[in-house]
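Heads up: the structure comes next, in structure tokens.
Residue numbers (the numbering used here): 79 to 196.
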């Protein structure tokens, strides 16, 4: 069993104007590391946006688990499982965010149609 508590938080906020920022804070007393991944300017409905978001989540998973390993909370053998679990959990949240983003865009869509007949 992996002894860690890691949170990768994907934020999707239409109001955020800042570019991608990652902040990592370690709390060695309880084995918790968190990284916030800002996806506010990423269109998760496009192939490029999805690829960018997936890479950011992958990189954050790698960072979290290697920090836990360097802090002594994970053995070298546990790092790979940690990365896989962190990525899988975060990717599930990413699917939810994409669905929310898509629904939001659909509610704001106006379809204009015109007939050639008068």
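A virtual CB, placed ideally from N, CA and C, is assigned to each residue, including glycine. Just so it is clear, the structure is predicted and the values come from calculations on it, not from any experiment.
| said: Just to confirm, is the Cβ distance from residue 113 to residue 131 under 7 Å? | reply: Mapped onto the chain shown, residue 113 falls at position 35. Mapped onto the chain shown, residue 131 falls at position 53. Cβ distance not < 7 Å, so residue 113 and residue 131 don't count as in contact.
| said: On the criterion of 16 or more Cβ atoms from any shown chain inside 10 Å, does residue 154 qualify as buried, or is it exposed? | reply: Reading the chain shown from its first residue, position 76 is the one you call residue 154. With fewer than 16 Cβ atoms within 10 Å of its Cβ, residue 154 is classed as exposed.
| query | Which whole runs of the beta strand (DSSP E) in the region 138 to 191 are 3 residues long or more, in chain order? | reply | none
| task | Please name the residue, chosen from 167, 169, 181 and 141, that lies closest to residue 157 on a Cα-to-Cα basis. | result | If you number the chain shown from 1, residue 157 lands on position 79. It is 141 whose Cα lies nearest to the Cα of residue 157.
| Helix, strand or coil at residue 110 according to DSSP, with G and I counted as helix | For the purposes of this step, residue 110 is taken as the residue at position 32 of the chain shown. DSSP places residue 110 in strand when its eight states are reduced to three.
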